[in-house]
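K.L.:
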Amino acid sequence: MPAALDGRVRRELLLPSVGLFRTYICNPMTVALSRTRMPKPRPKVLRRVRLLESLHENVHRRLTFVCAPAGYGKTTLLRSFAGDVEMKVCWYQIAPGDLQLAIFFEHIVRAINHTYPGFSERFSPLWTSLANVAPSALATAFNNEVVQSITDYTLLILDDYHLVSQTPGIVQFIETLIGSLPDQLRLVVSSRNVYGIPTAHLYVRQEIAVIAAEDLKFRLQEVQDLARMSYHRGLSAQELEIITRNTEGWALATALALQEEHAAERPIRQLGVQSQLFDYFREELLQSLEEEDIRFLLATSLVDEFTLEQAVYLLERPDAGDTLRELAERNLFISQREQSGGDAYSYHHLFREFLGSQFAQLSSETQAYFHGRAAAWYEGRNEPVLAIQHWFAAESDDQAARLINQTARWAYTSGAQALLEEWYGRVQGRPEWVSLVPELLLNRAKSLINKGQYGDVSLLLDAAEQSFRNSSDYENLANLLVTRGMLHRFKGEYPAAIELAIQAKSLAAKEQVDSYYSLQAERLEGIANAYVGHIQPALELLNHAAAGLRTRLASEPNDRWVHELVATLTDIGFICITNGRMLEAENAYLEALGLSQQVPTNLGDRAICGNNAAYLFHVTGKISEAWVGYEEALEAARESGWRAFTVDILNGQGDLLRDLRALDLAAEKYEDALELVGEDPTGIAIAETHLGLADVERLQGNFSRAQWRVREAARLGKLPPGSLEARVLDAAIYLSMGQAGLALESLQLEQDALSTVLPPGQRLAIAYCLLAIAHLRDSQARAVAEDCLRKALEVTARLGYDSFLLPLIADYPDEMKGLQDSLTSPQLDSLLARSKSQPRGLAAIRQPVPESSEPPQIRLEVTALGRAGVRINGERLADARWQSTGARNLFFYLVERQPVRKDHLALAFWPDFSPGKVNSNFHATLWRARNALGDLPIIHFDDQTYRLHPAVQLHYDVKELEDTLHQQTQFPPDSDRWQELAYLALELYQGDFLSEVDMDWARERANELRRKVLDVLAQLAESHRLAGRPSRALELYLRAIENDPYEDLWRLGVLRCYEALGRRQTARKYYQTYVRLLADELESQPTQELEEYGRTLDS
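Numbering (this note's numbering), first residue to last: 5 to 1103.
Structure follows, in structure tokens:
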């Protein structure tokens, strides 16, 4: 490296003015649109026919995987293929910085949006929260949108997939994407390795085609063709053999070798190839460049892709464009892509790696200078993630810290947890940084709370709070107080949560910060109050917060407000349903469910609302529906990674299975919840888990274990002393042990104690039921038992549901039957009847298996004579649905000639195409035809042929015509039935067969049908003439002549009709006119028979 380069770099780091930067990052995840557009075709690129043929042959498979090491020509091949296929192509050039699933996904969406404008609109509300969505759910949402929005057979090409192939979220996304890939989208992927592709599964299903390194190696003839086309050289057989042997067919090495004058004398070894290439770059390329050119290459190699504007900025050279053009003309491994803001340029990855090795040899000052320029460029264009990387590389830690602090909130709200962890990793062990990045500390604390990892949260919040107070940052301070309150809430420390919520509300009001934080604080205060039993104040706070959120949502529609309102409504519903306010609960849950459906990829909200709906089904006795709801909610919760939601849903499933007395399965669900909680068993969810397990142990006769579980629930769940939850379960255990007296003691024999439990809920009703049973068993106090049971029934009447009592009543049938005899209660009668009929075990939750049935009948009406058209179940198929004439023609061909083999179709539609290109065109056209026909299985593949599905009831005008003509042959031409069938055939023939289709098979069929109908027409005319009906015969003859004006026999029939009508003069003129027509048009004469008849007209 010339030493002069270092000296020419200014020592000071120049930064743009402060005004260039925004303190709030509005959209840091900027997509490199240039990488989502088709690259420009390179001039003088060898067309590798055998590889293109292979790609065409396999385009119908879900995945075509091009896998080979660097420099084998993968990207060049895919560029050629993209320009060769007759279908839509979307392109995504993956970059090293695309490791986050959110960034990767947005690039794919934008790639498709170039071809299908509007595709990205469906996902636009999600860009700030993509990382919160599970990969499989994101892939499912993507595929669903593909089905709705992609209206043509389309290829999605992912180039350089190896750059992200070991990122778990992206791998899971791709696996799910391929697993349910819609038929109109096929995937083509290039990679240096096989990681991240479900090859084994796809191989089994024959849904993958692989082009490997061995396939990509240059053959002898390809090396010769490349030399002639790109380097204007002819190689001798010996040179050709030596170059091919030395390069082992490696494309890049072959190209480099051909650039040398004595290629055959300088082998490029496969082993140690990077070293060989770097030596080549250094000796053959850099030595021939000016210092300014080298400076340009090194500076621009710092970034994945650059524009001319960026190059000018990095180098502070207005004339950088001249250098760029000169380097591009010298073919220095520079690729160019079109984009709206000017073309984007990038280096071949190997060449860029080489430039990186040279850049590392510069002085640390020079490296810091260029990285600083790159950081300033990215920050000025609102791309903080890249800017932070370069600030760190420039060793400008203060600048990196400043930008991290500005970006941390975005990183949290968009779910970029890996970034938060990466940035926090740089803070650890550096106390001087703490005051610089309080927002990083706050948002990492939030991330840990969401994961249920509470250990370090308080320390993070303590450090951040001090910084916010010192800087009077009241908005973030209010945010922090709410976050700290949420921590206490999730740990079951509700008084502390209430106090922090009040502090946050007071601060927000005093300092007039964004109302978002005061509403969050109000919600926190409300739910915490509910947990300590202050139900009415809790609901007032939550309803006030919900009203404020509705107002904000109406004026500022966005996912943030939707999520907060869903969460608040969920809290309201939970409090109401557990406190006997069923109508309010249903209203809150239904509103939340409707809102959650506006953002279907928000898995957290889907889990919450699905769990709520399942719980409603459960308590109202809709067991099968409840199980389905729990299963769907569990899937969403697990994919979201939110532990608390998952534990709640597992508890709900355990409760349902316990009520059905599927005890082993119930225990498994509760144990799954405990395993998920792990070493941090705090909060109400864990109390419910232990209480559920305690009840299972009771029912299994493990009474000591059951009592221990109750104690664990109280200890770990921090239940208040003497809580109703624990007392009810203790009483149930004692009753199962035969200790009715202890059961009464547990529930407090004085019934007035229970009357203080307000508002009434499920456990209160169960408590009264247990009291009734205990009184009967302990002292035979029937009157007291009856009174207790009346109170239990009154509680359920107020709740509006009573199905939760069925398991208890079923366990004590004798006691309940005894009370029924003396207690007149239709409600009790209903409960007893239902307890006997309700199925137990898994039978109650199994969905009925529908009986197998044939596909529904499909009425298909196809007209090909005259105006062609299709009707499906009576509805006309619009011509625009076909998208291409090829798809429409293929459908008519299938209808006309079914069953049809693929090779016959190829001959009819693409006779001059190669087999591979036939394959790609066939599958694209077949998909378009099926897509036009909708979701119905009309085109069927069976026994290597294509035909209409057996369920299709076809009415085809051509077949009806053929059947009619065939029937005619069964009758003599002079019979009435023959004439009836003749007129029917003429009525059916509304015009030529597919007159607008310019294909040999259609023309041949049209001529055949026309001739048959005209023959019938002429025979009918002649039969009328012979029967003495010349007028009708004349009309039919003239109609036939309109279709074939040179048929002498029909002309003769016209002359005879005129003469029979006494119009001899008209006949003579008609004959003379026809004679002139033949002479002028065909240079011929009439047949002898017609000529002789014409002479008789002159006599």
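We treat Cβ as the ideally placed atom computed from N, Cα and C, and that holds for glycine.
Between the C-alpha atoms of Lys450 and Gly459, what's the straight-line distance to the nearest angstrom?
P.N.:
Each residue's alpha carbon lies about 12 angstroms from the other.
K.L.:
What runs of the beta strand (DSSP E), each 3 residues or longer, lie entirely inside the stretch 176-228?
P.N.:
Listed in chain order, the complete beta strand (DSSP E) runs (minimum 3 residues) inside the stretch 176-228 are 189-195, 212-216.
K.L.:
Which class does Arg1099 belong to by DSSP, given the choice of helix, strand or coil?
P.N.:
Helix.
K.L.:
Nearest-angstrom Cα distance between Leu930 and Tyr1075?
P.N.:
Between Leu930 and Tyr1075, the C-alpha separation is close to 53 angstroms.
K.L.:
Just how far apart, CA to CA, sit Val1159 and Phe896?
P.N.:
Because the chain spans 5 through 1103 in this model, residue 1159 falls outside it and cannot be assessed.
K.L.:
Within the continuous beta strand (DSSP E) that includes Ala959, where are the two ends?
P.N.:
A small fix is needed here, since residue 959 is His in this sequence, not Ala. Looking at the DSSP string, the run of the beta strand (DSSP E) that includes His959 is 956-960.
K.L.:
Could you check how far apart the C-beta atoms of Glu819 and Leu775 are, in whole angstroms? I think they sit under 8 angstroms.
P.N.:
So it is not a contact: roughly 11 angstroms between Cβ atoms.
K.L.:
Leaving aside the five residues before and after Glu964 along the sequence, list all residues of the same chain whose C-beta is less than 8 angstroms from its C-beta, in chain order.
P.N.:
The residues are Leu992.
K.L.:
Should the stretch 522-534 be regarded as contacting the stretch 559-579, the criterion being three or more beta carbon pairs within less than 8 angstroms?
P.N.:
Contact between the stretch 522-534 and the stretch 559-579 is present, because at least three Cβ pairs lie under 8 angstroms.
K.L.:
Sorted by chain position, which residues of the same chain lie with C-beta nearer than 8 angstroms to Ile506's C-beta, five sequence neighbours on each side aside?
P.N.:
Taken in chain order, the residues that qualify are Ala525, Glu529.
K.L.:
Rounding to the nearest angstrom, what Cα-Cα distance links Gly873 and Trp1005 in this structure?
P.N.:
Gly873 and Trp1005: Cα-Cα distance of roughly 18 angstroms.
K.L.:
Would you check if there are 3 or more beta carbon pairs closer than 8 angstroms linking the stretch 371-380 to the stretch 314-323?
P.N.:
Yes, the stretch 371-380 is in contact with the stretch 314-323.
K.L.:
For His1028, count the other beta carbons within 10 Å of its own beta carbon; 16 or more makes it buried, fewer makes it exposed. Which is it?
P.N.:
Buried, by the Cβ-count rule.
K.L.:
Between the beta-carbon of Gly614 and the beta-carbon of Gly633, is there less than 7 angstroms?
P.N.:
Going by C-beta atoms, Gly614 is nearer than 7 angstroms to Gly633.
K.L.:
For the candidate residues Glu125, Ile116, Lys44, Asp164, whose alpha-carbon lies nearest to that of Asp156?
P.N.:
When each option's Cα is compared against that of Asp156, the closest is Ile116.
K.L.:
Which runs of the alpha helix (DSSP H) fall wholly inside the stretch 318-395 and span at least 4 residues, in chain order?
P.N.:
Within the stretch 318-395, the complete alpha helix (DSSP H) runs of at least 4 residues are 324-333, 353-363, 368-384.
K.L.:
If I'm right that Leu105 touches Phe222 with Cβ under 8 angstroms, what's the distance once you round it to whole angstroms?
P.N.:
Wrong, their Cβ atoms sit about 37 angstroms apart, outside the cutoff.
K.L.:
Please tell me whether Leu985 and Gln972 are closer than 7 angstroms, where the distance is taken between their beta carbons.
P.N.:
A contact, by the Cβ cut-off of 7 angstroms.
K.L.:
Within a Cβ cutoff of 8 angstroms, which residues of the same chain sit near Asn923, ignoring the five residues on either side of it in sequence?
P.N.:
For Asn923, where only same-chain residues beyond five positions count, the Cβ hits under 8 angstroms are His60, Glu61, Asn62, Val63, His64.
K.L.:
What number of angstroms, rounded off, separates the C-alpha of Asp833 from the C-alpha of Leu620?
P.N.:
About 23 angstroms.
K.L.:
For Gly745, count the other beta carbons within 10 Å of its own beta carbon; 16 or more makes it buried, fewer makes it exposed. Which is it?
P.N.:
With fewer than 16 other Cβ atoms within 10 Å, it is exposed.
K.L.:
In the DSSP output, which residue or residues are listed as bridge partners for Val866?
P.N.:
Per DSSP, Val874, Tyr960.
K.L.:
Tell me the rounded alpha-carbon separation between Leu797 and Glu588.
P.N.:
One C-alpha to the other measures close to 21 angstroms.
K.L.:
How many Å lie between His944 and Thr180 at the Cα?
P.N.:
His944 and Thr180: Cα-Cα distance of roughly 27 angstroms.
K.L.:
Quick one: is Arg892 buried, meaning 16 or more other Cβ sit within 10 Å of its Cβ, or exposed?
P.N.:
Buried: at least 16 other Cβ atoms inside 10 Å.
K.L.:
Count the other C-beta atoms from every protein chain shown that fall within 10 angstroms of the C-beta of Pro843, then say buried if there are 16 or more, exposed otherwise.
P.N.:
When all chains shown are included, Pro843 counts as exposed.
K.L.:
Here's the rule: buried if 16 or more other CB atoms are within 10 angstroms of the residue's CB, otherwise exposed. What is Val277?
P.N.:
With a pLDDT of 48 at Val277, under the threshold of 50, the modelled position of that residue is not reliable, and the figure given next carries that caveat. Buried.
K.L.:
Compare the C-alpha of Leu669 against each of Leu306, Val681, Asn655, Ala928 and name the closest.
P.N.:
Per the Cα distances, Asn655.
K.L.:
Just verifying my parser: in three-state terms, what is the DSSP assignment at Gln971?
P.N.:
Helix, per DSSP.
K.L.:
Note the first and the last residue of the continuous beta strand (DSSP E) segment covering Val93.
P.N.:
First-last of the beta strand (DSSP E) with Val93: 92-97.
K.L.:
When the Cβ atoms of the stretch 227-245 are set against those of the stretch 85-96, are three or more pairs found closer than 8 angstroms?
P.N.:
Flag = no, the stretch 227-245 and the stretch 85-96 do not touch.
K.L.:
Whole-angstrom Cβ separation of Ala666 and Gly845, contact assumed at under 8 angstroms?
P.N.:
Contact holds; Cβ gap of about 5 angstroms.
K.L.:
Would you kindly work out how many angstroms separate the C-alpha atoms of Glu211 and Met233, rounded to a whole number?
P.N.:
Between Glu211 and Met233, the C-alpha separation is close to 36 angstroms.
K.L.:
Between the C-alpha atoms of Pro903 and Leu664, what's the straight-line distance to the nearest angstrom?
P.N.:
Going from the Cα of Pro903 to the Cα of Leu664 covers about 54 angstroms.
K.L.:
Keeping to the same chain, check which residues put their C-beta closer than 7 angstroms to that of Leu390; ignore five residues upstream and five downstream.
P.N.:
So the qualifying residues of the chain are Gly101, Tyr382.
K.L.:
Does the beta-carbon of Thr144 have 16 or more other beta-carbons within 10 angstroms, so that it is buried, or is it exposed?
P.N.:
Result: buried.
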